[in-house]
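J.: So the protein sequences, as listed, match chains P and R. Just so you know, my numbering puts the end of the first sequence at 533, numbered straight through with nothing missing. Just so you know, my numbering puts the end of the second sequence at 432, numbered straight through with nothing missing. Note that CB positions come from ideal geometry on N, CA and C, so glycine has one too. Remember, it's a predicted structure, so these values are computed and weren't measured experimentally.
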Amino acid sequence: MRLDPVDAVVIGAGAGGGVVAKELAGAGFRVALLERGRLQKYSETGHDELRSQRTTVLGNAFGPDDERHLRLVRLGDDNEFRETLPSEGSYGNVAACVGGGTFSFGAMAWRFLEKDFRMRSTYGAPEGSTLEDWPIAYADLEPFYSKAEWEIGVSGKAGANPFEPPRSKPYPMPALPYSKEGSVLLTAAQRLQWHPFPIPMLINSVAYRGRPGCIRCPHCVGFACESHSKSSTAVTVIPEAVKTGLCDLRTECVAKEILTDGRGNASAVAYFQGSELREQPCRFVVVSASATESPRLLLNSKSRLHARGLGNNSDWVGRNLQGHAYSGAYGLFPQDLFDGLGPAACIAVCDFNHGNPGLRGGARMANEFIRLPYLFARSVRPPGAPRWGLAHKQFQRDRYKRCAGIKGPVQEMPVFTNRVEVEENRKDHWGIPVAKITGKRHPHDIEIGRFIAGRAAQWLEEAGAEQVWTTVAGKGSTGGQHQAGTCRMGNDPKTSVVDRTCRVHQTDNVYVVDGSVHVTNGGFNPALTILATAYWASHHIVSQQRKAQA
Amino acid sequence: MKRRSFVALPATAALAAPKYKTLTEAEAAIVIALTEAIIPADKDPGAKEAGVVQFIDTQLAGPLKRYRPRYRRELPIIDEACRAATGKPLALLQLSERTAFLEQVDKGEIAGGPFFQLIVDHTMQGFYGAPKHGGNRDAASWKMMGIEKAMGYHGGHR
């Protein structure tokens, strides 16, 4: 079925797509916003640890479903792949619902630092890595970081992090208060002469733009927000886009392919609504489907001028898949630290993002979100501690409230062979070739992980922990919830996929706007950078496409 | 009184719904014996008192149904291994002997480790997950950890 034309098709109503849809509709473009998932309500999922975004043992609360989706992941060094479902960790799911990952994320709102955009100039690429600079600098993105913070809503304390580069505006809301655990860690970090500060959060600390302040429930990361205080795109920019009357949000719509004209430009998007294949003609296309699904869609969009997939003439689409090599430490304390107040993650330092001797980068370090009882049972034990039996039970009973964790999302070195491909011979429910993922961390990531874990242990010991143990990321697959890098932004079409405005090289009207364009992924949770990049890209898309229409 | 109950009993038994959705009584007995050793009762309820077998039985009919064939196949195997090693089936072993046997299974000294570890995981899910999934009866684990309020448990079924 061929539909009436629109100006823009935006594929994916997550962080990037939500912002772009709102900016385009606000500029007068008619937008079709396609989302494979549904518009979800808090009451559908509630506070159910076993069906959350962190613990999917009884299913994926925020999609996609196991019945219709699958991916292939490479097992080891040989060419063997195995099938994986969305509720399995190896799938690397980022949720499929309106709001995407932001609907259930932990909501840390980090700006990358200046050096995060200049990794190659700062450190040089290690062997086996395609480490590179972004073609844009922090200063280019800064106004858009501010715009994201003010339009979507971030709580934080401007100036509290001495490593943060200049900002043009303070935060619109004060920081959330420190928890009991945060207060103990604060004084410890000060004694170490580090520079602790409250974590900026995409959560309302007070009422802001029609949404209430956080009620401090302990179910934060991994859950829909009961009070709409979490600033997901589902409760901010997407409703605003729809309100303009120009953005048509179409849920449960699965993009199949971008169709191109004789000059290799996009002319329409083919997508499934239910089992019906529809064709939506348009002037331009924005792909915001995540660092796995965006390259998958491009690779599945083959035509005469794009024989290896749209934008893939140089074979860079899907390359350099990255995530974060989370590393850190846990500590057991003689006193209770638990106060049951969310979001619990509240204190951080950026002393070890850069300037670590012999290391290329690092990570912000912060205390963890509340670990709910099952996750605590499965993941928080000192090495060698019994995993079942009376000793397990005693640990759970006596230590749960006396345990703190500090972790850092270690910035990964991009690797050319870590990639998303498509497998023509394996199809999903709709008959679309599935994504095939290869990923193994660069050895340097593990070195940085060890260093960060050591600093985390030092922090916990200083805070009075009686027993401390470290956890260092393994060599295993990358990607995951912080997946990035697969449609690299760059000036040279030979070594990148999109230009500095997020437009696919050698096209006039196809854009990728999500974590895929990140050249490097910072030592930070990437959500705010995705949102800021989406504002930056939108600014350019509006001017380029206005010009094209004139 | 005695006579009435004697008369009523067979009728009740005939009308009562089967106790389990997926497990047979014999399988359930093995699951109870295993989960009781995985989280034993002490001053607080253990997996048996918290109804972890109900969690496993319910979920094997739902989100965990892909594990059903494995339960069906491996429960008798682990029980038989126990009989071979100790002379008794799991359910008739004292808790301390059962624990000693399962430690050997867990360490790989007796076959069945991966299946046992799967049951350990399902036991943790049933014991610590929300009561609405069939286990963690009366929020037993949350009360043990002193977090029932934070978890939003105010009594009743949730």
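Give the interface partners of residue 331/R over in chain P, defined as CB-CB distance under 8 Å, in chain order.
T.: In chain order: nothing, as chain P lies at least about 14 Å away.
J.: Could you tell me which whole alpha helix (DSSP H) segments of length 4 or greater appear in the region 205 to 230 of chain P?
T.: DSSP runs (the alpha helix (DSSP H)) wholly in the region 205 to 230 of chain P: 220 to 226.
J.: Let me know if residue 419/P comes out buried or exposed under the rule of 16 or more other beta-carbons within 10 Å of its beta-carbon.
T.: So residue 419/P ends up on the buried side.
J.: Would residue 464/P pass as a contact of residue 84/P if the rule is Cβ separation under 8 Å?
T.: In contact: residue 464/P and residue 84/P (Cβ atoms closer than 8 Å).
J.: Residue 408/R and residue 400/R - do their beta-carbons sit closer together than 8 Å?
T.: Closer than 8 Å, so yes.
J.: Indicate whether the contact test is met: 3 or more Cβ pairs, each with one atom in the region 498 to 511 of chain P and one in the region 297 to 308 of chain P, closer than 8 Å.
T.: Touching, yes, given that three or more Cβ pairs across the two stretches are closer than 8 Å.
J.: Are residue 336/P and residue 346/P touching if we call contact CB-CB under 8 Å?
T.: Their beta carbons are under 8 Å apart, which means residue 336/P touches residue 346/P by this criterion.
J.: Just curious, the alpha helix (DSSP H) that residue 377/R is in, first and last residue?
T.: Segment 369 to 381, the alpha helix (DSSP H) holding residue 377/R.
J.: Over the uninterrupted beta strand (DSSP E) stretch that includes residue 390/P, give me the two end residues.
T.: First-last of the beta strand (DSSP E) with residue 390/P: 386 to 391.
J.: Return the CA-CA distance between residue 351/P and residue 326/P, expressed in angstroms with no decimal places.
T.: Answer to the nearest angstrom: the Cα atoms are 9 Å apart.
J.: Looking at chain R, is there any beta carbon in it that lies within less than 8 Å of the beta carbon of residue 40/P?
T.: Yes, its Cβ sits closer than 8 Å to a Cβ of chain R.
J.: Would you mind stating whether residue 72/P and residue 497/P have Cβ atoms separated by less than 8 Å?
T.: In this structure, residue 497/P does not lie closer than 8 Å to residue 72/P by Cβ.
J.: Going by beta carbon distance, what residues of the same chain come within less than 8 Å of residue 191/P, once the five residues before and after it are set aside?
T.: Same-chain partners within the cutoff: 136, 155 and 156.
J.: Following the continuous alpha helix (DSSP H) through residue -1/P, name the residue where it begins and the one where it ends.
T.: Unbroken alpha helix (DSSP H) run through residue -1/P: -2 to 9.
J.: To the nearest angstrom, how far is the alpha carbon of residue 313/R from that of residue 320/R?
T.: Answer to the nearest angstrom: the Cα atoms are 5 Å apart.
J.: Roughly how many angstroms separate the alpha carbons of residue 359/R and residue 375/R, rounded to a whole number?
T.: For residue 359/R and residue 375/R, the distance between alpha carbons rounds to 8 Å.
J.: Would you identify the three-state DSSP class for residue 249/P, choosing helix, strand or coil?
T.: Note: residue 249/P maps to strand in three-state DSSP.
J.: If you pair each beta-carbon of the region 313 to 327 of chain P with each one of the region 439 to 450 of chain P, do three or more pairs fall below 8 Å?
T.: Touching, yes.
J.: Starting from the Cα of residue 41/P, find the closest Cα among 16/P, 69/P, 19/P and 52/P and give me that residue.
T.: When each option's Cα is compared against that of residue 41/P, the closest is 69/P.
J.: Taking the alpha-carbon positions, what's the residue 324/P to residue 402/P distance?
T.: Approximately 39 Å between the Cα atoms of the pair.
J.: Using a beta-carbon distance cut-off of less than 8 Å, what residues from the region 309 to 329 of chain R approach chain P?
T.: Correct list: 311, 312, 313, 314, 316, 318 and 320.
J.: Please list, in chain order, the chain P residues whose beta carbon lies closer than 8 Å to that of residue 415/R.
T.: Result: 356 and 379.
J.: By a C-beta neighbour count over all protein chains shown, 10 Å radius and 16 as the cutoff for buried, is residue 354/R buried or exposed?
T.: Exposed is the call here.
J.: Going by alpha carbons, who is nearest to residue 449/P out of 218/P, 382/P and 344/P?
T.: Closest option to residue 449/P, Cα to Cα, is 382/P.
J.: Give, in chain order, every unbroken run of the beta strand (DSSP E) that is at least 3 residues long and sits entirely within the region 423 to 486 of chain P.
T.: You should have 450 to 454.
J.: Check the Cβ of residue 31/P against every Cβ in chain R and list those closer than 9 Å, keeping chain order.
T.: Per Cβ cutoff of 9 Å: 403, 404, 406 and 407.
J.: Please tell me whether residue 383/P has its Cβ less than 8 Å away from any Cβ of chain R.
T.: It does: the Cβ of residue 383/P has a partner Cβ on chain R nearer than 8 Å.
J.: Taking all protein chains shown into account, decide if residue 129/P is buried (16 or more other Cβ within 10 angstroms of its Cβ) or exposed.
T.: It counts as buried.
J.: Would you please verify whether the beta carbon of residue 427/R is less than 8 Å from any beta carbon of chain P?
T.: Chain P contact via Cβ: absent.
J.: What separation, rounded to the nearest whole angstrom, lies between the Cα atoms of residue 280/R and residue 423/R?
T.: With a pLDDT of only 45 at residue 280/R, under 50, the local geometry of the prediction cannot be trusted, and no value is derived from it.
J.: If the cut is a Cβ gap below 8 Å, which residues of chain P does residue 384/R touch?
T.: Correct list: empty, because the minimum Cβ distance to chain P is about 16 Å.
J.: When the Cα atoms are used, what is the spatial distance from residue 201/P to residue 354/P?
T.: So the two alpha carbons sit approximately 9 Å from each other.
J.: Could you tell me which whole beta strand (DSSP E) segments of length 3 or greater appear in the region 7 to 65 of chain P?
T.: You should have 14 to 18 and 54 to 57.
J.: Kindly list the residues whose CB is nearer than 6 Å to the CB of residue 97/P, restricted to its own chain and excluding five residues on each side of it in sequence; keep chain order.
T.: Cβ within range, chain order: 121 and 148.
J.: Looking only at C-alpha atoms, which of 440/P, 410/P and 396/P sits nearest to residue 423/P?
T.: If we check each option's Cα against that of residue 423/P, 396/P comes out closest.
J.: Where do the N-terminal and C-terminal ends of the beta strand (DSSP E) with residue 534/P fall, by residue?
T.: Outside the shown range of chain P, which is -16 to 533, sits residue 534/P, and nothing can be said about it.
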